[in-house]
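Structure first, then comments.
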Amino acid sequence: MTTVRAGLIQMGLKGNTDMSPEQIRDKMIEAHIPLIEEAGKKGVQVLSFQEVFTQPYFCPSQDSKWYAATESIPDGPTVKLMQDYAKKHNMVIVVPIYEQEKTGIYYNTAAVIDADGKYLGKYRKTHIPQVAGFWEKFFFRPGNSGWPVFQTAYCKLGVYICYDRHFPEGWRALALNGAEYIVNPSATVKGVSQYLWELEQPASAVANGVYIGATNRVGTEAPWNIGEFYGSSYVVNPRGEIIAQASEDKDELVVADMDMDMIKEIRDNWQFFRDRRPEMYGDLADIGTS
Numbered sequence: 001m002t003t004v005r006a007g008l009i010q011m012g013l014k015g016n017t018d019m020s021p022e023q024i025r026d027k028m029i030e031a032h033i034p035l036i037e038e039a040g041k042k043g044v045q046v047l048s049f050q051e052v053f054t055q056p057y058f059c060p061s062q063d064s065k066w067y068a069a070t071e072s073i074p075d076g077p078t079v080k081l082m083q084d085y086a087k088k089h090n091m092v093i094v095v096p097i098y099e100q101e102k103t104g105i106y107y108n109t110a111a112v113i114d115a116d117g118k119y120l121g122k123y124r125k126t127h128i129p130q131v132a133g134f135w136e137k138f139f140f141r142p143g144n145s146g147w148p149v150f151q152t153a154y155c156k157l158g159v160y161i162c163y164d165r166h167f168p169e170g171w172r173a174l175a176l177n178g179a180e181y182i183v184n185p186s187a188t189v190k191g192v193s194q195y196l197w198e199l200e201q202p203a204s205a206v207a208n209g210v211y212i213g214a215t216n217r218v219g220t221e222a223p224w225n226i227g228e229f230y231g232s233s234y235v236v237n238p239r240g241e242i243i244a245q246a247s248e249d250k251d252e253l254v255v256a257d258m259d260m261d262m263i264k265e266i267r268d269n270w271q272f273f274r275d276r277r278p279e280m281y282g283d284l285a286d287i288g289t290s
């Protein structure tokens, strides 16, 4: 049996939103380091953080102050620091941050670092919501990275970010591109989405024969107070079974051992990829409005 040990870190905001983005980044990274070290001691091989993990979820506002939270990838300080920790613990790390491509062009992005500290590439969030409390198009340009799958030291890894999870096409594209484990860093609050939290990712894991790691933050974030981030980060297997899950209300590292042989077992059993009819799906990509 080939086993990969996955880890997810969920966390509440450190400091407060009156601070500068740089001050908040320092506090969030300081709070993450003990859990990164714990992951290393527990033998985690693939570790992922929550969406824009160094900052509050600032999208309830439309305040350009938060543009200062952007960093370049891979040359910014957070990715550089996580390369050191990846190498120290021989651990793949997925680093979701607010990316600056150039001044005025900003993305919701996750950098992927291999176990030797090498930067492998990035995924930019594809689907950007724009509804009350989630003014993401004020902050993020829609991603243009396609559906990259990263050959890491331990598995073929894909990334899908938060709101992306509501769109089945991306899960399928990542799986067809070879992904075995897909992480979904998120920031989502109680309400309708909490019911979907334990519905969509397990269903997508089954439909695509993959493991999925879903990470959410915890607590409330003033002054916006759009609701309580309910944590509940988890890893789900290709049968749709949640094999490890965090609490709803505290900073936590959740660890799960993934039996990678199950991927072939499930795909051979269901044969969804064999029975697909892509030649019949052309109308699904038709953007015309007749």
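Residue numbers for the sequence shown follow this note's numbering, so the first one is 1 and each next one is one higher.
The beta carbon of each residue, even a glycine, is placed where N, CA and C say it ideally should be.
Alpha carbon to alpha carbon, what distance is there between residue 155 and residue 208? Within the sequence shown, residue 208 is the residue found at index 208, counting from 1. Within the sequence shown, residue 155 is the residue found at index 155, counting from 1. Distance between the alpha carbons of residue 208 and residue 155 is about 16 Å.
If you check the beta carbons only, do residue 187 and residue 71 fall under 8 Å apart? On the sequence shown, position 187 is the one that residue 187 refers to. On the sequence shown, position 71 is the one that residue 71 refers to. Cβ distance not < 8 Å, so residue 187 and residue 71 don't count as in contact.
Please report the residue range of the alpha helix (DSSP H) in which residue 258 lies. Counting from one through the sequence shown, the residue named residue 258 turns up at place 258. Careful: residue 258 lies outside any alpha helix (DSSP H), inside the beta strand (DSSP E) at 252–259.
The stretch 49–69 / the stretch 172–188 touching (three or more Cβ pairs under 8 Å): yes
Can you find at least 3 beta carbon pairs, one from the stretch 214–232 and one from the stretch 11–26, that sit closer than 8 Å? yes
So residue 107 and residue 141 are in contact, right, with Cβ under 8 Å, and what is the actual spacing, rounded? Residue 107 sits at position 107 when you count from the first residue of the sequence shown. Residue 141 sits at position 141 when you count from the first residue of the sequence shown. Rounded, the Cβ-Cβ distance is 6 Å, consistent with contact.
Quick test of your reading: residue 210 and residue 179, contact by CB under 8 Å. State the CB separation rounded to the nearest angstrom. Taking the sequence shown and counting its residues from 1, the one referred to as residue 210 is at position 210. Taking the sequence shown and counting its residues from 1, the one referred to as residue 179 is at position 179. Yes, residue 210 and residue 179 are in contact; Cβ-Cβ is about 6 Å, under 8 Å.
May I ask you to report which of helix, strand or coil DSSP gives residue 50? Position 50 of the sequence shown, counting from 1, holds the residue named residue 50. If DSSP states are grouped into helix, strand and coil, residue 50 belongs with coil.
Tell me which same chain residues have a C-beta within less than 6 Å of the C-beta of residue 266, skipping the five on either side of it? Sequence index remark: in the sequence shown, residue 266 carries index 266 (1-based). So the list reads 209, 238, once near-sequence residues are dropped.
Which residue spans inside the stretch 135–168 form an unbroken beta strand (DSSP E) run of at least 3? 149–151, 156–159
In whole angstroms, what is the alpha-carbon distance linking residue 88 and residue 268? Locating residue 88 in the sequence shown gives position 88, counting from the first residue. Locating residue 268 in the sequence shown gives position 268, counting from the first residue. So the two alpha carbons sit approximately 37 Å from each other.
Helix or strand or just coil, what does DSSP make of residue 115? The residue you call residue 115 lines up with position 115 of the sequence shown. Correct three-state label for residue 115: coil.
Helix, strand or coil: which one does DSSP assign to residue 56? Here the question's residue 56 lines up with position 56 in the sequence shown. Residue 56: coil per DSSP, three-state reduction.
Given that a residue counts as buried once 16 or more other Cβ atoms are within 10 Å of its Cβ, and exposed if not, what is residue 264? Taking the sequence shown and counting its residues from 1, the one referred to as residue 264 is at position 264. Flag for residue 264 reads exposed.
According to DSSP, is residue 269 part of a helix, a strand, or is it coil? In the sequence shown, the residue the question calls residue 269 occupies position 269. Helix.
Where residue 234 and residue 7 are concerned, what is the direct C-alpha to C-alpha distance, given to the nearest angstrom? On the sequence shown, position 234 is the one that residue 234 refers to. On the sequence shown, position 7 is the one that residue 7 refers to. Distance between the alpha carbons of residue 234 and residue 7: 9 Å.
Beta-carbon separation of residue 181 and residue 95 under 8 Å? As a working mapping, residue 181 is identified with position 181 in the sequence shown. As a working mapping, residue 95 is identified with position 95 in the sequence shown. In this structure, residue 95 does not lie closer than 8 Å to residue 181 by Cβ.
Continuous beta strand (DSSP E) stretch holding residue 243: start and end: Taking the sequence shown and counting its residues from 1, the one referred to as residue 243 is at position 243. 242–245 is the extent of the beta strand (DSSP E) around residue 243.
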